[in-house]
Amino acid sequence: MHNIISLTFRSTEKNGWPRARIYLDDKLLQDYKFNQNIQVINIPVTYTPSKHTVRVDRTDKTHHDQILEITAVSVDGVMVPDHLIRQCCEFEYNDIIDKGSTYFGPDGTWRFFFHSPIITYLLDLSIHHEAIYSDNYKYPWSYQLGPGSTDDIIQGIDKLVDKVNIIL
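The numbers in the sequence shown follow the numbering used here, run straight up by one, and end at 224.
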């Protein structure tokens, strides 16, 4: 089984369209030439628990007004909030790293770091974010759960269900 990460790109054609190589964990998935202003690229990611990196290498910039930008990230059709995207990504050019950037000015490399299963990972990041930045957070205890917390909760519930099934 897979999650599908969808990257929505905005690009402009100036002396040609932007090009990009798209990788998952250093494995080339596509050598892509954009051909319209808005395009979506889908990347399948397994549910197997592990760390991942989506990498986009922009290449062959032909004009200073030629734009390439990631405007949205979604997982299985659900939009990932911008603050979580920016928490997990960076753009690198000439050894300068711009954390949280989704804009490709020059040719360079954009990376999106995450763990699978990605939904669990994003939920944990969201819980942590809310605990830090919200005075009115409804579940102040949630921040103590930490990474992988939803997995632990699900496993605990599964064990309880198994025990109930055995008793019945």
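Positions of the beta carbon are idealized from the N, C-alpha and C atoms, including for glycine. As the structure is a computational prediction, the values presented were derived from the model and not from experiment.
Note on geometry: alpha-carbon atoms of ASN71 and LEU181 lie some 41 Å from one another. Following the DSSP letters along the chain, one finds ASP154 inside the beta strand (DSSP E) bounded by residues 152 to 155. Under DSSP, SER130 forms a beta bridge with SER62, MET135. Taken atom to atom, the span from the alpha-carbon of VAL136 to that of ILE210 is near 22 Å. Taking a C-beta distance under 9 Å as the contact criterion, LYS219 and HIS171 do not qualify as a contact pair. Considering only ASN91, PRO74, TRP73, VAL101, the residue with the shortest C-alpha distance to LEU85 is VAL101.
Under DSSP, CYS145 takes part in a beta bridge, and its partners are PHE168.
Your pair THR158 and CYS145 checks out as a contact, with CB atoms roughly 7 Å apart and the cut at 8 Å.
Counting along the chain, the unbroken beta strand (DSSP E) around GLN95 starts and ends at 94 to 102. PRO173 and ALA76 have their alpha carbons spaced roughly 26 Å apart. Secondary-structure assignment with DSSP links GLU125 through a beta bridge to ARG66, TYR159. SER62 and VAL96 have their alpha carbons spaced roughly 6 Å apart. In this structure, TYR88 lies away from THR109, with their beta-carbon atoms at least 9 Å apart. In the three-state reduction of the DSSP assignment, HIS120 falls in the coil class. In the three-state scheme derived from DSSP, where H, G and I count as helix and E and B as strand, ASP82 is classed as coil.
Taking the Cα of LYS83 as reference, the smallest distance to any Cα among ASP163, THR176, ILE123, ARG111 is reached at ARG111. Residue environment: GLN122 is assigned as buried (16 or more neighbouring CB atoms within 10 Å of its CB, all protein chains considered). Judged by their CB atoms, GLU125 and PHE168 are not nearer to each other than the 9 Å cut-off.
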